[in-house]
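Peer 1:
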Amino acid sequence: MATDMADTPAVQESSHESANNENESAKDENETVLTGETETLSKRQRKRLLKNQQWEEQRELRKQKRKERKQQRKLERQAQAEDGVEWTGKKRLRRSAEPSSLRLVVDCSFDNLMVLKDVKKLHKQIQRCYAENRRTLHPVQFYLTSHGGQLKQVMDEINKGWVNWKDVHFKPDAFHEIMKKEELVYLTSDSPNVLQELDENKAYVIGGLVDHNHHKGITFDRAQELGIAHAQLPLGSFVKMNSRKVLAVNHVFEIILAFLEKQDWKEAFFTVLPQRKGAVPVGQENNDEEDSDEDSDTEHSLSEKRTDSKDQSESKQEEHKPVLNHSDSSERNAA
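Using the UniProt record's numbering, the first residue of the sequence shown is number 1, and each one after it goes up by one.
#1: In the structure shown, what three-state DSSP assignment does Ile218 receive?
#2: What are the residues that DSSP puts in a beta bridge with Tyr186?
#3: Using a 10 Å radius around the Cβ and a threshold of 16 neighbouring Cβ atoms, would you call Ser96 buried or exposed?
#4: For Arg62 and Leu49, I'd like the C-alpha separation in whole angstroms.
#5: State the beta-bridge partners of Leu107 as determined by DSSP.
#6: Would you call the stretch 121 to 136 in contact with the stretch 161 to 174, where contact means no fewer than 3 C-beta pairs closer than 8 Å?
#7: Does the distance from the C-beta atom of Leu144 to that of Lys171 stay below 9 Å?
#8: Should Gly207 be labelled buried (16 or more other beta-carbon atoms within 10 Å of its own) or exposed?
#9: In the DSSP assignment, what residue or residues form a beta bridge with Phe170?
#10: Measure the CB-CB distance between Glu98 and His138 and report whether it falls below 9 Å.
#11: For Pro192 and Ala229, I'd like the C-alpha separation in whole angstroms.
#12: Contact between the stretch 146 to 155 and the stretch 182 to 189: three or more CB pairs below 8 Å?
#13: Which value, in whole angstroms, describes the spacing of the CA atoms of Asp195 and Leu226?
#14: Could you pull out every residue in the same chain whose Cβ sits closer than 7 Å to the Cβ of Ala231, ignoring the five residues on either side in sequence?
#15: Can you find the residues in the same chain that come closer than 6 Å, C-beta to C-beta, to Tyr204, ignoring five residues on each side of it along the sequence?
#16: Smallest Cα separation from Phe220: which of Gln53, Lys70, Arg46 and Asp107?
#17: Nearest CA to the CA of Asn213: which residue from Leu260, Leu113 and Lys240?
#18: Quick one: grab the DSSP three-state call for Val252.
#19: Should Ile126 go down as buried or exposed, given a rule of 16 or more other Cβ atoms within 10 Å for buried?
#20: Can Asn158 and Lys121 be called in contact, C-beta distance under 9 Å?
#21: Below 6 Å CB to CB, which residues in the same chain sit around Lys266 once its five sequence neighbours on both sides are set aside?
#22: Hey, Leu273 and His251 are a contact pair by Cβ (cut 8 Å); roughly how many whole angstroms apart?
#23: In the DSSP assignment, find the alpha helix (DSSP H) that holds Ser100 and state where it starts and stops.
#24: Per DSSP, what kind of secondary structure is Lys240 in: helix, strand or coil?
#25: Quick check: the Cα distance between His123 and Asn201, rounded to an integer number of angstroms?
#26: Please report the straight-line C-alpha distance between Gln262 and Lys70, rounded to a whole angstrom.
#27: Which same chain residues end up closer than 6 Å to Glu268 when comparing Cβ atoms and leaving out the 5 residues on each side of it in sequence?
#28: If we ignore side chains and look at the alpha-carbon of each, how far apart do Gly149 and His215 end up?
#29: So, at 6 Å on beta carbons, what are the nonlocal neighbours of Ser146 in its own chain, with the 5 sequence-adjacent residues on each side left out?
#30: When the Cα atoms are used, what is the spatial distance from Gln141 to Leu102?
#31: Excluding five sequence neighbours on each side, which residues of the same chain lie with their C-beta closer than 6 Å to the C-beta of Asp118?
#32: Does the beta-carbon of Leu116 have 16 or more other beta-carbons within 10 angstroms, so that it is buried, or is it exposed?
#33: Would you identify the three-state DSSP class for Val194, choosing helix, strand or coil?
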């Protein structure tokens with residue numbers, strides 16, 4: 001009996017030792033696994049880890065350098081002010097601007113007539129209007145009315161910062177519901193009335209529509225339905241264009257901003273209009289018309305070649321392959 005009791009502690013000690021050995025063995029295996037994972041990192045991954053580590057270590061140094069640069073710029077501005085040199089930074093330009101009481105309204109009520117791709121284009125045009133109005137010397141009172149639908153959704157997804165835009169009035173209501181009808185003038189190229197001067201007590205409405213001429217006359221019809229004044233910019237008096245006199249929203253917006261600054265329609269038009277519109281001063285269009293006729297003849301000739309090539313291709317379907325390739329090549333060149 002005594003022998004059995006004497007043997008029991010020895011057995012327990014042995015079990016404890018084996019347990020400890022198992023724990024140490026498992027620990028060694030874990031360390032080996034971790035080491036193995038580190039060793040399996042690619043050269044690029046190790047380089048990235050090292051770069052991130054260095055970036056974190058230099059965070060305070062970068063912060064200190066930014067403070068020093070900021071202080072240096074402040075000292076430079078103070079020195080310029082003491083020397084009587086005017087600082088022409090963006091903030092100074094903005095303070096020296098003289099806001100106009102004229103209101104420019106983008107009517108966004110045509111949202112349901114556009115596909116998503118065109119709504120995104122309208123959004124970019126509105127962004128351009130906002131940027132130009134912020135930097136001009138005579139910023140207007142900028143309104144976006146009937147703001148909602150696809151346009152608002154696109155702005156929320158692509159440009160969430162629009163909610164912080166300054167000097168822009170976002171209105172979910174229609175423009176004629178928030179402004180007096182006698183103050184409204186709808187700008188539309190289909191109007192028989194030609195705008196000669198800008199009245200700063202008026203609100204000029206621009207149709208917020210990108211439709212590739214699928215809805216011709218829709219803004220003019222809208223103005224007539226609402227019983228409000230309408231007019232077109234005096235484009236035809238100063239500019240000859242190869243295309244229709246339908247301008248993008250931002251072009252109309254920028255032309256009006258340019259006129260407020262220059263007080264000259266011709267200069268405003270040629271400052272803003274893109275070259276692809278083929279705009280030339282009235283009186284110089286004769287040469288362009290001759291060129292246009294030549295282009296038309298050339299286009300007609302190319303069209304005939306395209307037709308001949310197509311007929312030849314159909315008549316030679318059973319001929320050998322090189323002939324077919326030659327016909328395909330001529331058709332591509334004609335196009």
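Note that CB positions come from ideal geometry on N, CA and C, so glycine has one too.
Peer 2: With the structure as the only source:
#1: Looking up residue 218 in the sequence shown gives position 218. Helix, per DSSP.
#2: Taking the first residue of the sequence shown as 1, we reach residue 186 at position 186. The partner list for Tyr186 (beta bridge, DSSP) reads Val205 and His230.
#3: Here residue 96 corresponds to residue number 96 of the sequence shown, with the count starting at 1. Exposed.
#4: Walking along the sequence shown from the start, residue 62 turns up at place 62. Walking along the sequence shown from the start, residue 49 turns up at place 49. For Arg62 and Leu49, the distance between alpha carbons rounds to 19 Å.
#5: Residue 107 sits at position 107 when you count from the first residue of the sequence shown. One detail in the question is off: residue 107 reads as Asp in this sequence, not Leu. Bridge partners of Asp107: Thr145 and Gly207.
#6: yes
#7: Here residue 144 refers to the residue found at position 144 when the sequence shown is read from its first residue. Here residue 171 refers to the residue found at position 171 when the sequence shown is read from its first residue. Against a cut-off of 9 Å, the Cβ pair of Lys171 and Leu144 comes out as a contact.
#8: By one-based count along the sequence shown, residue 207 stands at place 207. Buried, by the Cβ-count rule.
#9: On the sequence shown, residue 170 is found 170 positions in, with the first residue counted as 1. DSSP output for Phe170 lists Leu144 as bridge partner(s).
#10: One-based indexing of the sequence shown puts residue 98 at position 98. One-based indexing of the sequence shown puts residue 138 at position 138. Yes. Within cutoff.
#11: As a first step, residue 192 must be located in the sequence shown, where it is residue number 192. As a first step, residue 229 must be located in the sequence shown, where it is residue number 229. Each residue's Cα considered, the two are about 11 Å apart.
#12: no
#13: As a working note, residue 195 is residue 195 in the sequence shown. As a working note, residue 226 is residue 226 in the sequence shown. One detail in the question is off: residue 195 reads as Leu in this sequence, not Asp. Approximately 19 Å, taken between the alpha carbons.
#14: To locate residue 231, count along the sequence shown from 1; it is residue 231. So the qualifying residues of the chain are Val185, Leu187, Ser191, Asn193, Val194 and Leu195.
#15: For the purposes of this step, residue 204 is identified with residue 204 of the sequence shown, where counting begins at 1. If we look at Tyr204 and ignore the five residues flanking it on each side, its Cβ neighbours are Leu104, Val185 and Leu187.
#16: For this step, residue 220 is matched to residue 220 along the sequence shown. Nearest option by C-alpha distance: Asp107.
#17: The count along the sequence shown starts at 1 and reaches residue 213 at position 213. Answer by Cα proximity: Leu113.
#18: The count along the sequence shown starts at 1 and reaches residue 252 at position 252. Val252 falls in the helix class under three-state DSSP.
#19: Numbered from 1 along the sequence shown, position 126 holds the residue referred to as residue 126. Looking at its Cβ environment, which holds 16 or more other Cβ atoms inside 10 Å, Ile126 is buried.
#20: As a first step, residue 158 is located in the sequence shown; it is residue number 158 there, counting from the start. As a first step, residue 121 is located in the sequence shown; it is residue number 121 there, counting from the start. A small correction: the amino acid at residue 158 is Ile; Asn does not occupy that position in the sequence shown. No, they are not a contact pair.
#21: Walking along the sequence shown from the start, residue 266 turns up at place 266. Only Phe238 meet the Cβ criterion.
#22: Within the sequence shown, numbered from 1, the residue matching residue 273 stands at position 273. Within the sequence shown, numbered from 1, the residue matching residue 251 stands at position 251. Indeed they touch by this definition, with Cβ atoms about 7 Å apart.
#23: Here residue 100 refers to the residue found at position 100 when the sequence shown is read from its first residue. Segment: none, Ser100 is in no alpha helix (DSSP H) and carries neither H nor E.
#24: Within the sequence shown, numbered from 1, the residue matching residue 240 stands at position 240. Three-state result, Lys240: strand.
#25: Translated into the one-based positions of the sequence shown, residue 123 becomes position 123. Translated into the one-based positions of the sequence shown, residue 201 becomes position 201. Between His123 and Asn201, the C-alpha separation is close to 27 Å.
#26: For the purposes of this step, residue 262 is taken as the residue at position 262 of the sequence shown. For the purposes of this step, residue 70 is taken as the residue at position 70 of the sequence shown. Residue identity differs from the one stated: residue 262 is Lys in this sequence, not Gln. Going from the Cα of Lys262 to the Cα of Lys70 covers about 37 Å.
#27: Sequence index remark: in the sequence shown, residue 268 carries index 268 (1-based). One point to set straight first is that residue 268 is Ala, not Glu, in the sequence displayed. Excluding positions up to five away in sequence, the list reads Ile255, Ala258, Phe259 and Lys262.
#28: Taking the first residue of the sequence shown as 1, we reach residue 149 at position 149. Taking the first residue of the sequence shown as 1, we reach residue 215 at position 215. Cα-Cα distance, rounded: 19 Å.
#29: Indexing the sequence shown from 1 puts residue 146 at position 146. If we look at Ser146 and ignore the five residues flanking it on each side, its Cβ neighbours are Cys108, Ser109 and Ala174.
#30: Position 141 of the sequence shown, counting from 1, holds the residue named residue 141. Position 102 of the sequence shown, counting from 1, holds the residue named residue 102. Distance between the alpha carbons of Gln141 and Leu102 is about 6 Å.
#31: What you label residue 118 is simply residue 118 of the sequence shown in a count that begins at 1. Counting only Cβ-Cβ distances below 6 Å, and skipping sequence neighbours, we find Val210.
#32: Working through the sequence shown from its first residue, we reach residue 116 at position 116. With fewer than 16 other Cβ atoms within 10 Å, it is exposed.
#33: Working through the sequence shown from its first residue, we reach residue 194 at position 194. Of the three classes helix, strand and coil, the one that applies to Val194 here is strand, per DSSP.
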